[in-house]
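>
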Amino acid sequence: MGGVRLNTKWLRIVSALALLLTAAAAGLPGSGTRAYASSLPYDTYYKDGFGQLVKTQAAYLPAGVLGYNLAAAAADAGNAAAETSKLSLNQPKDLFVDEQDNIYIADTGNNRIVQLDSSGQFVRELTVTDSPLKKPSGVFVNKEGHIYIADTGNNRIVTLDSEGRLLKTLDRPKSSYLPASFKYDPINLIVDKRGFIYVTTLGAYQGLVELDPDGNFIGFFGPNRVKFSVFDAFKRFVYTREMYQRELKKLPGAIANSTIDKDGFIYTVTKEIQTNQIKKLNIAGLDQLPGKSDFASLQSGRSFGEVLHWQRDLSPQLGDITVDGDGNITVVDTVWNTISQYDRSGNLLFFWSSDTINATSKSGVVKTPAAIANNSRGELLILDSTNNLIQVLRPSAFGNLVHEANALTQEGKYMESETLWNEVRRLNAQYSPALIGLAKAAYKQENYKRAQQLFYEAGVIGGYSESFWQNRLTWFQQHFGLFMNIVIAIGVVLLLWGRLKHRLRLASGWSLPEPSPHSLAGRLRHLFVLIKHPVDGFYSIRYEGKASLASSLIILAAAIAAFGYMEAGTSFIFNPKVQIGIDLVPLTAQFVGIWLGWVISNYLISSLLRGEGRFRDVLYGSSYALFPIILIGIPVTLISKGMTLDEVSIFSFLKLAIVLWTALLFVWMVQGIHNYTFIEAIFVILLSLLALTIIVILIFILISLSNELINFINSLYQEVIIR
Amino acid sequence: MSKRKWNGWLIVRLTFSAAVLLVMGWITLLIWDPWGDKEDIKVDAAALFNPAEHVPYQAGLPNEQSFELAAETGNLKLLVDPATAHFQVVMKDTGKVWRSYPNPAYWKDEKATGTWKNQLTSPIIIEYVNASNYKASSISNGLIENQGYLEDFKRTENGFSVTFAFPKIQFKIPVEVVLHQDYVETRIKDAGIVEGSLSLLNVKLYPLFGAEPSVGQDGYIALPDGSGSLIRFQQDRTMQQLTYNESVYGPDSSYYYEFTDRQRIAMPIYGLKSGDQAFVAILTEGESLANVFAAPSGAIGSSNWVTTEWQYRKRFFQSVSKSTGEGFYTYSGDRFSADTRASRYYLLKPEQSDYVGMAAVYRKYLIEERGVKPVQSARKDIPFYLDLVGADIEKGLFFDSYLKATSTDDAKSIVSKLYDRGIQNQQVLFAGWQQDGYSTHGGYFPVDKRIGGSQGMKDFISFAHSLSIPVYLTANYTLNTNGDDGFWWRRDGLRNMAGTVLEYKPPNHDQDASNYVSPGFYKKVVESDLKQFKALGADGIDFEDGITQQVTTDYNSRYRAGRGEVVDIQQQIVKETKQQLGSVIAGNANFYALDQLDHVHRIASDYSYDVFVTESIPWTQIVLHGLKTYTLEWSNLRDEWDDEFLRSIELGAYPTYVLSGDDADDLRRSYSLWYYSLNVDDWIDRIEAEYAKANAALAPVQDRFITAHRTLAPGVKETVYEGDYRIIVNYNETDYEKDGLVVPANNFIVREGGAQR
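Chains A and B are the protein sequences, given in the same order. Using this note's numbering, read the first sequence as starting at 1 and increasing by one per residue. Using this note's numbering, read the second sequence as starting at 1001 and increasing by one per residue.
1) Which first and last residues belong to the beta strand (DSSP E) in which B/M1091 is found?
2) Beta-carbon separation of B/D1539 and B/G1587 under 8 Å?
3) For B/S1288, which of helix, strand or coil comes out of DSSP?
4) For the ligand HEM, I want to know if B/Q1352 counts as a neighbour, meaning its beta carbon is within less than 7 Å of at least one of the ligand's heavy atoms.
5) Given 8 Å as the limit, is there contact between the region 1409-1420 of chain B and the region 1661-1677 of chain B, that is, 3 or more CB pairs closer than that?
6) I need the DSSP call for A/T108, collapsed to helix, strand or coil.
7) Quick one: is A/G633 buried, meaning 16 or more other Cβ sit within 10 Å of its Cβ, or exposed?
8) For the alpha helix (DSSP H) that contains B/V1375, what are its first and last residues?
9) Roughly how many angstroms lie between the CA atoms of B/I1749 and B/V1623, to the nearest whole one?
10) Quick one, which residues of the region 47-72 of chain A are near chain B if we go by CB-CB under 8 Å, in chain order?
11) Counting only beta-carbon atoms, is A/N387 nearer than 8 Å to chain B?
12) Take A/T724 as the anchor and find which of A/E708, A/S704, A/I682 and A/P41 has the nearest alpha-carbon.
13) Which runs of the beta strand (DSSP E) at least 3 residues long sit entirely within the region 316-390 of chain A? Give them in chain order.
14) A/Q317 CB to nearest chain B CB: under 8 Å?
15) Using a Cβ-Cβ distance cut-off of 8 Å, determine whether A/D355 contacts chain B.
16) Quick check: the Cα distance between A/F528 and A/E466, rounded to an integer number of angstroms?
17) Decide yes or no for the touch test of the region 254-262 of chain A against the region 270-279 of chain A: beta carbon pairs closer than 8 Å, at least 3 of them.
18) Measure the Cβ-Cβ separation of B/M1239 and B/F1521 and say whether it is below 8 Å.
19) Thinking C-beta only, is A/S131 closer than 8 Å to A/T159?
20) Give, in chain order, every unbroken run of the alpha helix (DSSP H) that is at least 4 residues long and sits entirely within the region 204-246 of chain A.
21) Go ahead and pull the three-state DSSP assignment for B/F1748.
22) To test your reading of the DSSP string, which unbroken alpha helix (DSSP H) runs of 4 or more residues are found completely within the region 600-645 of chain A?
23) Let me know the secondary structure DSSP gives B/G1008 once reduced to three states.
24) Curious, which full-length alpha helix (DSSP H) runs of at least 4 residues does the region 525-552 of chain A contain?
25) Taking its Cβ as the centre, do 16 or more other Cβ atoms sit within 10 Å of B/P1104, making it buried, or is it exposed?
26) Is there at least one Cβ from chain B nearer than 8 Å to A/A439's Cβ?
27) In this structure, how does DSSP classify A/D76 when only helix, strand and coil are distinguished?
28) Which chain B residues sit within Cβ distance under 8 Å of A/D583?
29) Closer than 8 Å by C-beta to B/S1017: which residues in its own chain qualify, once you throw out the five before and the five after it? Chain order, please.
30) Would you list the one or two residues that DSSP bridges to B/N1679?
31) Since B/A1801 sits in a beta bridge, which residues does DSSP pair it with?
32) Which chain B residues sit within Cβ distance under 8 Å of A/K86?
33) Please confirm whether B/Q1756 has its beta-carbon closer than 8 Å to some beta-carbon of chain A.
34) Suppose only complete runs of 3+ residues qualify. What are the beta strand (DSSP E) ranges in the region 1508-1594 of chain B, listed by chain order?
35) Leaving out five residues on either side along the sequence, give the residues of the same chain with a beta carbon under 6 Å from the beta carbon of B/K1314.
36) Report yes or no: is there a C-beta of chain B within less than 8 Å of the C-beta of A/K362?
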C-alpha cells in the first residue's frame, strides 16, 4: 500500500516537474535564433532522400493580393450611371487560370463564377440565369474558352460557351456500373483534349468519374490502392468470418483534386493515404511517378507532401495540385499550411511552411488554402476561402534559377545546365538538386571521377553506381597489363610449388609443425574442422575440450570487428546510410547484447531440457559459430567496394550465405553441444528465442523503473537543497 | 520493565502532540496575517471617489470655443479645454493644429457607434480586468462608460495636469501635459495611480492625438516594425479589422505573447502623416513598459490613429495539463511601475513632414539627450565586416561531435586573402571561438584548442592588428548549455511568471534545449570575463542575440528584475565592456544601448509582411546613417542575390559576410550553422566586386546623415545624403529614364551635389 502511494506521488511530482520544465514555449517568440534568413513569414526548405532537412533561400516571394475589395461593375454594365460595387467573394472554393492568365474563381457562397483578368481586374461574373448555379465548387476552362462548372449543389456539370451562354447540363450519369448508393457530388473537374470530362466527386474512392462530352459514363479513372498491411493479413488469418465482416471496410483514399497539363497527363492528389498521394496518370491510368525520382531507390512507398514538424504520425493532407509549363508539380497542404513543389520526375525542389498565426494575416501566407493555380509567368495563385482573397507568389531569383537549371537537366541538356547549377551551388552548398545536376553534367562530359564524387555527396545510388562502373572500367583498362602479369606470376609459382613440394619435403625432412590440439593455435585451427564436420566439431568442443575461453573471446572479438566493418565499410551502393554517417557503438552494442542474451537463454532452456552442454560450452560454441561473419563477411565487404548495382545479386547472395550458414551453425552447435537430434535442436532454439524475448522485456521494465526511481530521488534531493 | 515502557510511550506521544500543535499554530499564523492588509486597501479606494461633486464626462467632441491658452513657447502654442482635458497644439509659423481628439471636420462621417465611438472621444482609454475571477475577460473603455470625471484640473507652468477618475471601477490616473520648445509631452505619474478591486492592465493616453481619417490625402502611419513600415491611408483596405500592437524592445517571454511573427521594435518611436502635417512620437521614459498600438482607418473608428499603450499588467497563460494544453489566463500580480512614463510628440514642419523628417528628429534627440555621438570614420574606404565562424557541435548519441569550420590559421589566411584583393578596411567578428563551438554557452574561456586555442587567437588578433584590423569576439551570455560559470539553472535561470525556467528550444526538435540566464547573473559573468577578453587582445565584444536584444522580466527570486531594470543591467554591461575593452558591437540592438555601441550589426532590412501594412521603409537606417555604422543581414543569406545588394546600397549599409575556412567539416547537422554556403572560396570574387561597387558609392558619405528618401517610380528608389549626394537604385528589369537621368536595369547610379535632377 505504501508502495502504491509512493508511485502516485512521484508520478505527480515527476509529471509536474515535466510540465513546469516544458511550459515555456507559449511565451517564447523567435528570439534566440541565430540569424534570420529573411523576414518572410515562411521558411523554405529542401529535404533529401535521407530525410535530411536543408534550409534554402526563398523560392517564391509574396507579390500581392488579388480579388479583395475590387471595383466590380454592376451586372448590367453599359449603363452610364452604374454604381461600382465592391467585389466580395464568399467562400470561394476553386481557382482556374487559363492560358491568357485570366483568373476564374468559383465563388461558391455567391453561386457564381467570377472572372478576373491577368492583372486582377474584374471582368465579369457568370451566373447562369436560365438554370441558376447552386454552390459551384469547381471550374475549368478549355482552349476555346468554354467554361465547365462543377455545380455541386445541383449535382451536375454545367457547360457554358465563352460568352457565358448555357451550352449543356450534364446530370448524374446513368449507368449500370454506378450503384444506386453512389453519391454523385461533383466538386471539381478537368477536361482533356478530346473533351472527355474527369469529375472529382466527394468521397469517391473509386477514382475520377470519366464522362464523354455528352455526359455518358465511361468509367472510373485513376483510383488509389488499398493499403493492406501485415496486421490486416494477420486479422484475415485469425478472425472468424463473422468478425471479419464486421470490420470496417478498408477503402482506398478518395481523390481530393485533380489537374491536367498541356501534354494530357492527369495529376490527382489524395488526402488520407500515406504514400503516393500525388499520381501522374497517363491515358491508361498508370502512375508515372514511382521509380522516376533520383532518390527512388531509397524511398519505396514514397510519401508526397512534405511536413516540417518532427513528429510521428503527422501525415500531409494535400488539398490541391497545379502543374506549370515545365511540368513542375506544386501541391498545397490544407492542414499544415505547407506548399511543396516537385519537378516532373517527382524530385522535391522546395517546400515552404509557415507557423499558424491567429492574431494577424501575412502577405504570402494563406491560412486555409482552398485551391492553388499557376499562371504563365510562373506565379502561384493561392485561394484563401476564409478571407476571400487570392495571394500571389512570384518566383524569386533563386527559384527561377533552380527552375531553369532543373528544366534543362530533366530534358537531358546536362551541359547547358552546368553553369546554372554552379551558381545555385555557390548560393547554397547543401542543395542536393544542384549537386545531382552537376553530377549528371560531369557524367555526360565523361568526367566520371567528379561525377562519382558528386553523386556520393548528393546520395544518389544509381548515378554513383554508374559512374563507379565507368571508373572501374577505366581502371581495369589502365591496369590490365599489371594484373595479367601478377596472375601469370602467381600461376607459375603455384605450378612450381606443386611440382617441387614433394621433393623439398622429402629432401629436408622439414614439414610444417602441427600445433598441439590444446594450445591456443590448435584451438583456433579447430575452426577449420567446423567447416567440414560441424556437428562433430561442436561435439568435440563439449567432450574433448577443443575450445577455450581465450580462443572463443578472440573469435568473438574478431566477429564483432567484422560485423562493425561490414556495417561501416560496405560500399555506399549497397549501404546508403554510410553517406550520412553510421554510429557503430549502438550497432555493436545491440549485436553483443543479443549474442549474450542468446547464450544465457540457450543455456537456461537446454539445461531444463536435458541438454548436456555446460555454460562454458554454450559460450564457446556460440562464439565459434560466428565465424562465417569473419570468413565471408570481410571478403564480401572488401569486394563490395569494387561492385556496382549490376552485381547486386552477387552481393545479396553472399550476404544471404552468411546468414544461412550462421543459422545452420547455430543449429548444429545446439545439436552437437547438447547432444540433441536435429529436430530437437530446432525446437530448443525456438524456445531459447522465446526466453530471450522474455529476458529482454524484463530488462526493459527493470531499467525504466529504476530510472524513474532515480529521477524521483534526484528531484527530491534537489527540492530539499533549494529550500 | 513495564513501567519504563509505559513512560517511554508517554514521552513519545507527548512530544508528538506538542509538535503537531506547534505546526498547526505556525500555519495558522501564516494564513492569518496577510488578510489584515487587504481589508484596509478596500476601504481606502472606495472612499477616494466622490462622483457627486464632479461633472461626469460627456460624450462627443469638445467644444472648439472652450479651448484656452495653457502654454506657449517660441514655436508652439498649447490650448486646453478644462471641461474635457483635451488639448490642441498649434504650430505658430504655419498655423497647423494637432488635436488630441478626432478631426471635427469629419466627425459626422464617423461610422463607429456606441461604446466604440465614446472611446474615440475619451482622452484616456484603459483596459482592466477582474483578476480574482479567472474566467473573466478584460474590458476596455474610456471615461464615458464609467461615469468618469476629471479631478484636480490644474494649470502648471508649461501645461496642465489632471487626474482621470473612474468611480464605477475605482481607478484614478494622474497625468500631466507639458509643452516644450518643439514638442508636447504627456506623462503618467505611476505613483499617483489608485486601484480598487479591479486590476489595471494598460492605459492609452490621448490615443487619438493627430488622428486623421482617410479622405484621399497622402498620408500614412509610420511604425518601427522591423526596419520600419508604413500603413498608407486608403479608403478600402485589405482586412480592415487588423491592428498593430507590439511591445517596445520586444515581447516579454515571461508572459503570454500572442504570436504574430513580427519583428522586434528597436526604436521607441512612431509617427503619423496626413497631407503635409505630421508628427513623430518618441517614448522617452518608461518605454520598456510600453506597446505601440496602431489602428488604421476602419479598424477602430474611421480615423487612422497610433498611440502608446502603457502596460501595467500582462496576461499569463497558466497551463494545467501538459498533454492537452489546457490552462487558464491569469495576470501578473503587482503593477509594473516606472518612475514616470513619458511620450513626446514632436510636430514637424511641412517641408519635413515625412518619415525622413521623423527620423531626423529622433536622431537629433539621440544626439542631444541620449549621449549618442556621431561616428567619425577614420578611413576613407567603407568598412567590410567579416564574420568568421570557428566551430559548432552536432548532436550525437552519447557525445556531441565538434565540427570545425575555421581555425585561427584559416582566419589569418581569409583576412589576408581579402586584404590582398583590396579590402583593407576590415573588421573581424569571430564567432564560435568558445569551448565547444558556437552553440555552446557558458564557460566560454579558454578559446577551444581545436581551432587554435588562446594562443592561436592571440596570434590571429595580433596579425589582424598589424594590418590595422580590429577583431571582436562574438558572445551571447544570455544562454547557458553546460552549467559552467557557476550557473545552476534552478538557481540562476531566467524564470517566467509561473516560476518556470525559460528555455531556448532549437528549431530541430532532436537537439537539446538550453536555459536562459537571469540578467542579474549574466552581468556578473560578463564582468568577470572582461579581463580574459582583454588578455587575448580583443578589441571588443560583439553581443549577439541576447544582451541589447532580449528584454524579459525576470521572476527569479534571487535576481528579480522588471523590464526597466533589465534594460539598465544591459546598458551597464555594454558600458563596462566599452570602458574596459574600448569598443563594443551588438547585433540588431535596441536603441537604448546606442550611446555605447560603435556599430550595429545585421539590422532588419524589411517589414513583417502583415497584410494590412503597405510597405517597408528604411527607418532605422535613416536614423543611423552617419550616427553609427550598420550592416544588413549577412550577404550569403540573401534570398534575392541582386536585389538585396541593391537594397544595401539604397539603405547605405556596409557589406558583411559570414565565412568559414575552405576546409570546414560538413555543417549540415550542426546545431546552428545552417547557413547556405560559407566557404570563402565560393564568395571571394563576388565579395571583391561588390565591395568595389559599394565603396565607390558609399565611401564619400560615411559621416553624412540621410536627408531624403523617396520612391521615384515603381521599383526605383532614391536616397539623398547631406550635400545633395544622391544614390538612385533601379530594381526593375528595364532601364529608368527621366529628364535625362538614366538608371540602368538592376543597377544604381550616384549623383554628386549640384547635378541637375
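Idealized CB from N, CA, C, for every residue including glycine.
Reading from the atomic positions:
1) Start and end: H1086 to M1091.
2) B/G1587 sits away from B/D1539, with the two beta carbons spaced by 8 Å or more.
3) Residue state for B/S1288 is assigned as helix, using DSSP reduced to three classes.
4) Among the components of this structure there are no ligands whatsoever, and the ligand HEM is therefore not found.
5) Segments in contact, yes.
6) Helix.
7) If you draw a 10 Å sphere on the C-beta of A/G633, you find 16 or more other C-beta atoms in it, and that means buried.
8) Counting along the chain, B/V1375 sits inside no alpha helix (DSSP H), nor does DSSP assign it H or E at all.
9) Rounded to whole angstroms, the gap between the alpha carbons of B/I1749 and B/V1623 is 23 Å.
10) Result list: Q52, L53, V54, K55, T56, Q57, A58, L61, P62, V65, Y68 and N69.
11) Closer than 8 Å to some Cβ of chain B, the Cβ of A/N387 qualifies, so yes.
12) Given that chain A is displayed from residue 1 to residue 723, the structure contains no residue 724 of chain A and the question cannot be resolved.
13) With a minimum length of 3 residues, the continuous beta strand (DSSP E) runs that stay inside the region 316-390 of chain A are 318-323, 329-333, 338-342, 348-353, 369-374 and 380-384.
14) No, A/Q317 lies away from the interface with chain B (no Cβ there is under 8 Å from its Cβ).
15) Look at A/D355: its C-beta is under 8 Å from a C-beta on chain B.
16) Just so you know, the alpha carbons of A/F528 and A/E466 end up roughly 39 Å apart.
17) Touching, yes, given that three or more Cβ pairs across the two stretches are closer than 8 Å.
18) Going by C-beta atoms, B/M1239 is not nearer than 8 Å to B/F1521.
19) Cβ atoms of A/T159 and A/S131: not closer than 8 Å.
20) Listed in chain order, the complete alpha helix (DSSP H) runs (minimum 4 residues) inside the region 204-246 of chain A are 230-238 and 241-246.
21) Residue state, collapsed to three classes: strand.
22) Fully contained in the region 600-645 of chain A are the following alpha helix (DSSP H) runs of length 4 or more, in chain order: 615-624 and 634-640.
23) Collapsing the DSSP output to three states places B/G1008 in a helix.
24) Fully enclosed alpha helix (DSSP H) runs of 4 or longer: 534-544.
25) Counting Cβ neighbours within 10 Å, B/P1104 comes out exposed, since fewer than 16 surround it.
26) No - not a single Cβ of chain B is within 8 Å of the one on A/A439.
27) Residue placement at A/D76 is flagged as unreliable, the pLDDT there being 43, under the threshold of 50; the coordinate-derived value follows with that caveat. Collapsing the DSSP output to three states places A/D76 in coil.
28) What A/D583 touches in chain B, judged by beta-carbon distance under 8 Å, is G1396 and L1397, going in chain order.
29) Hits under 8 Å: none found.
30) DSSP output for B/N1679 lists B/S1660 as bridge partner(s).
31) An answer regarding residue 1801 of chain B cannot be provided, because it is not within the stretch 1001 to 1757 covered by chain B.
32) Within chain B, the C-beta atoms nearer than 8 Å to that of A/K86 come from D1236, in chain order.
33) Because the pLDDT at B/Q1756 is just 42, under 50, the model does not fix this residue reliably, and the value given afterwards should be weighed accordingly. Not closer than 8 Å to any Cβ of chain A, the Cβ of B/Q1756 fails to qualify, so no.
34) Secondary structure remark: continuous beta strand (DSSP E) runs of at least 3 residues inside the region 1508-1594 of chain B, in chain order: 1514-1516, 1540-1543 and 1584-1587.
35) Cβ within range, chain order: Y1255 and S1332.
36) Cβ-Cβ to chain B under 8 Å: yes for A/K362.
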